[in-house]
Amino acid sequence: MRISFIALMLAICPILSHAEESAAERKDDLKSDTARIRLFGQNGMGVKYYPNSACYGGDSVTVSGGLGDAFSSFLGTASDISIGIPETPNSGKPSARNGIFSKAFFREYKIAANQPLTLKLDFQSNPGVRYGYCKTIAGTFVPEAGKDYEISLDIKDGMCVPVLNELQSTADGVILQPIAASKAERCS
5 MRISFIALML AICPILSHAE ESAAERKDDL KSDTARIRLF GQNGMGVKYY PNSACYGGDS
65 VTVSGGLGDA FSSFLGTASD ISIGIPETPN SGKPSARNGI FSKAFFREYK IAANQPLTLK
125 LDFQSNPGVR YGYCKTIAGT FVPEAGKDYE ISLDIKDGMC VPVLNELQST ADGVILQPIA
185 ASKAERCS
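Right, here's the structure in full:
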């Protein structure tokens with residue numbers, strides 16, 4: 005038992021340290037050819053994005069759903085990774101999304117602007133924790149240069165609701181402006 009726990013931790017540590025290194029590399033200003041996205045994840049939730057693609061499959065970035073993320077979310081040690089996107093009610097209190105043994109977190113990424121970006125989201129609850137299940141929900145949109153976006157999968161009354169917002173700064177603070185995405189299919 006003790007050896008298997010040590011083996012599990014050795015397998016997870018490189019995954020966790022990679023996420024911290026990647027955040028440091030991405031911590032820079034927006035350029036005229038980039039946009040930024042904030043994605044939420046937690047134990048039981050799969051979140052991936054496919055840069056420069058109008059379909060899902062192939063090269064992707066796993067935001068939530070990997071073994072390391074699930075384990076840290078389960079233990080309540082998952083941490084947010086920010087590259088400077090302005091705070092919203094969602095990012096200011098991600099704990100509002102927490103479930104039992106499922107700490108919510110967010111990750112922010114700099115992405116190419118004016119290129120399609122496809123998101124693949126799914127959810128499967130743990131028995132006795134939170135009831136719900138949704139198969140793959142995939143959508144694509146084209147982020148605009150210099151803009152920030154926030155994407156989440158909200159679970160409401162057993163239904164999975166993907167939410168895509170553009171962040172807009174006003175005199176009163178940041179507002180979330182819903183934007184449309186097109187349905188994405190698996191790449192052939």
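Counting along the sequence shown from 1, when you hit position 19 you're at 23 in this note's numbering, and nothing is skipped either side.
All C-beta atoms in this analysis are idealised placements derived from N, C-alpha and C, irrespective of residue type, glycine included.
- In this model, F110 and I89 are separated by some 11 Å (Cα to Cα).
- Contact check for A39 against A188 fails: the beta carbons are separated by 8 Å or more.
- Taking 8 Å as the cut-off, the Cβ atoms of T144 and L121 count as close.
- Annotated as distal: A142 and Q46, with beta-carbon spacing of 8 Å or more.
- Distance from the Cα of N118 is smallest, within the candidate group S186, K151, D158, for K151.
- With distances taken between CA atoms, C164 lies nearest to D126 out of Y60, T66, D126.
- Between I87 and K52, the beta carbon gap of about 19 Å keeps them out of contact (Cβ cut-off 8 Å).
- Excluding its 5 nearest sequence neighbours in each direction, Y60 has C-beta neighbours in its own chain below 7 Å: Y54, T122, K124, A142, A188, R190, C191, listed in chain order.
- The beta-bridge partner set that DSSP reports for T92 is empty.
- Per DSSP, the continuous beta strand (DSSP E) segment holding Q172 begins and ends at 163-174.
- For I115, the uninterrupted beta strand (DSSP E) run begins and ends at 109-116, by DSSP.
- Listed as beta-bridge partners of V178 by DSSP are S173.
- Checking the DSSP bridge columns, you'll see V51 partnered with S68, L125.
- Taking C-beta atoms as the reference points, L168 and A185 count as a pair closer than 8 Å.
- Shown here, E154 sits in a strand according to DSSP, grouped into three states.
- Partner residues in the beta bridge of G143, as assigned by DSSP, are L123, K187.
- Counting along the chain, I41 sits inside the beta strand (DSSP E) bounded by residues 38-45.
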